Each structure stands twice: as structure tokens, then as C-alpha cells.
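Residues in the sequence shown are numbered consecutively from 6, following this note's numbering.
By construction, the Cβ of each residue, glycine as well, lies at the ideal position given by its N, Cα and C atoms.
Here the structure is a predicted model, which means the values were calculated and not measured.
First comes the structure, then the notes that go with it.
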Amino acid sequence: MLFVYPAIFHKEENAYWVEFPDLEGCHTYGTSIAETMEAAQEALAGYLLTLLEQGVPVTQPSDISSFHTDNGFSSLVSCDINQYKDTKAVKKTLTIPSWLNDRAVSMGVNFSQVLQEALISKIQA
Numbered sequence: 006m007l008f009v010y011p012a013i014f015h016k017e018e019n020a021y022w023v024e025f026p027d028l029e030g031c032h033t034y035g036t037s038i039a040e041t042m043e044a045a046q047e048a049l050a051g052y053l054l055t056l057l058e059q060g061v062p063v064t065q066p067s068d069i070s071s072f073h074t075d076n077g078f079s080s081l082v083s084c085d086i087n088q089y090k091d092t093k094a095v096k097k098t099l100t101i102p103s104w105l106n107d108r109a110v111s112m113g114v115n116f117s118q119v120l121q122e123a124l125i126s127k128i129q130a
């Protein structure tokens with residue numbers, strides 16, 4: 006699910022900080038514009054995902070033209086919360102042939118990683 010909110014970026018000495026006027030307490034910082042934008046996207050996603058998981062209504066974004074700043078600039082920041090949802094690990098038990106297990110163990114194969122890669126490949130096919 007894609008969200009887009011206006012943000013105000015401020016420069017202070019050799020760093021930037023950003024705030025979301027529509028989302029009280031949602032702010033972050035960085036040392037460059039690119040780093041600050043990336044941090045803003047992550048902060049926005051985390052903030053909105055928390056609201057949604059708690060069943061709190063999400064405030065509609067304001068029109069960016071309604072924000073004026075003397076010591077910074079406004080910009081739209083977008084995030085896709087789907088990439089942050091349900092990232093907790095889930096334990097699965099599976100059965101494979103003994104010879105396959107022995108060979109994979111002898112090669113130092115990371116079973117979890119291989120299964121994840123195979124599942125992603127299967128899903129995207």
C-alpha cells in the first residue's frame with residue numbers, strides 16, 4: 006500500500022532533519038538530502054504501519070501547497086508499507102531426504118536462506 010505525505014526538510018549546519026506536519030512526532034534526520042529522504046521514507050512507513058497495526062485511523066495527507074517554510078523546503082515523501090509488513094520470522098518444520106541434508110550440511114548451505122530464495126522465486130514466477 007503506497008502512502009504519500011508532505012514533509013518539511015530543514016538544514017542545520019552540516020545535517021538535515023525532516024518533519025511530517027500531518028503526523029505528530031514523526032520526524033528523522035540525515036547528513037545529506039539522499040540519506041534524509043531515505044530515513045524519511047523509513048520513518049513514514051514505520052509510523053503508518055504502527056498506526057494501522059494498532060487500529061488507529063490514519064490522518065489524510067494535507068495539500069503540500071499549504072506548507073510554507075522560511076528555513077527549509079517542503080517535499081512529498083512516499084513509502085510502500087508492504088515491504089515492512091509481517092517481517093517477523095516464522096519457524097517451519099520440513100522433511101527432506103537424508104542424502105540431500107547430508108550434502109547440504111557438508112557444503113555449509115544456509116537452509117533458511119535457500120528456502121526463502123526458492124519461495125520468492127516460486128511466488129514471482
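Assigned secondary structure, residue i (DSSP; H/G/I helix, E/B strand, else coil)
i	result
Leu-81	strand
Leu-99	coil
Glu-18	coil
Val-23	strand
Val-114	coil
Leu-7	strand
Cβ-Cβ separation, residue j to residue i (assumed contact under 8 Å), whole Å
i	j	result
Thr-64	Leu-28	7 Å
Tyr-89	Gly-51	7 Å
Same chain, Cβ closer than 8 Å to residue i, neighbours up to 5 away in sequence not counted
i	result
Glu-43	Gly-35
Gly-77	Ile-13, Phe-14, His-15 and Lys-16
Asn-19	Thr-36
Val-82	Val-9, Tyr-10, Pro-11, Ala-12, Val-23, Phe-25, Met-42, Ala-45, Gln-46 and Leu-49
7 Å Cβ shell around residue i - same chain, five flanking residues per side excluded
i	result
Asn-87	Met-6
Leu-99	none
Ser-80	Ala-12 and Phe-14
6 Å Cβ shell around residue i - same chain, five flanking residues per side excluded
i	result
Phe-25	Tyr-10, Ala-12 and Cys-31
Trp-22	His-15 and Tyr-34
Exercise. Within the stretch 36-70, note down every full beta strand (DSSP E) run reaching 3 residues or more, in order along the chain.
Key: none
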